[in-house]
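Residue numbers (full-length UniProt numbering): 1 to 166. For reference, the structure discussed in these notes is given below.
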């Protein structure tokens, strides 16, 4: 005689987060300064090769100081579902880390520096493994921690229902 387990509800995405937008302040400021410097200096050099060299240097600086940090910010994200938390980051080498909410976990929020003013923080999810999941500089970190705690409690409640049905 087979024992049937009740089906768990389908997994839903609760929230998607990126690091706080404050991380784009310095790259954006560098791009504005670079645009101002290009507007002032380009075309002022006596030789054409000097103007082209300055333009090439400006493009290279724009790639290094604005485009790469912006792409790095865009490629990092944390996804919270009803069953797990997924952290994906990396520009050239992608790293993905998952923590199941069914496992016993502890959620901590750490704030330092400007994170206190912007209500952001580093959310760490300890799931009993050696490497806890750390979501860096999430906006409204306290709300995220409360939501993760509630989702974990709900997941554990569903886990008890499944075990009781055996």
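Positions of the beta carbon are idealized from the N, C-alpha and C atoms, including for glycine.
Considering only C-alpha positions, which residue in the set the options is nearest to residue i?
{"i": "residue 36", "options": "147, 83 and 62", "result": "62"}
{"i": "residue 109", "options": "71, 144 and 42", "result": "144"}
{"i": "residue 96", "options": "134, 127 and 119", "result": "134"}
{"i": "residue 139", "options": "98, 127 and 117", "result": "117"}
{"i": "residue 78", "options": "40, 124 and 52", "result": "124"}
{"i": "residue 16", "options": "82, 150 and 29", "result": "82"}
{"i": "residue 73", "options": "100, 43 and 136", "result": "136"}
How would you write the range of the alpha helix (DSSP H) that residue i sits in, first residue to last?
{"i": "residue 117", "result": "115 to 118"}
Taking its Cβ as the centre, do 16 or more other Cβ atoms sit within 10 Å of residue i, making it buried, or is it exposed?
{"i": "residue 85", "result": "buried"}
{"i": "residue 105", "result": "buried"}
{"i": "residue 166", "result": "At residue 166 the pLDDT is 33, less than 50, meaning the model places this residue with poor confidence and gives no usable figure here."}
{"i": "residue 10", "result": "exposed"}
{"i": "residue 20", "result": "buried"}
{"i": "residue 120", "result": "buried"}
{"i": "residue 160", "result": "Legend: pLDDT at residue 160 = 43, less than 50; position of this residue unreliable, value from coordinates given subsequently. Exposed is the call here."}
{"i": "residue 76", "result": "buried"}
Per DSSP, which one or two residues make a beta bridge with residue i?
{"i": "residue 112", "result": "According to DSSP, which records beta bridges pairwise, residue 112 is partnered with nothing at all."}
{"i": "residue 121", "result": "138"}
{"i": "residue 106", "result": "126"}
For the beta strand (DSSP E) holding residue i, just list the boundary residues, first then last.
{"i": "residue 135", "result": "133 to 138"}
{"i": "residue 127", "result": "Note, residue 127: premise wrong, no beta strand (DSSP E); not H, not E."}
{"i": "residue 96", "result": "95 to 100"}
Does the beta-carbon of residue i, which I'm using as the reference point, lie nearer than 7 Å to any heavy atom of the ligand SAM?
{"i": "residue 138", "result": "Within the structure as shown, the ligand SAM is missing, as the structure has no ligands at all."}
Those runs of the alpha helix (DSSP H) which lie wholly inside the region 6 to 91 and span at least 4 residues: 25 to 41, 48 to 62 and 68 to 75
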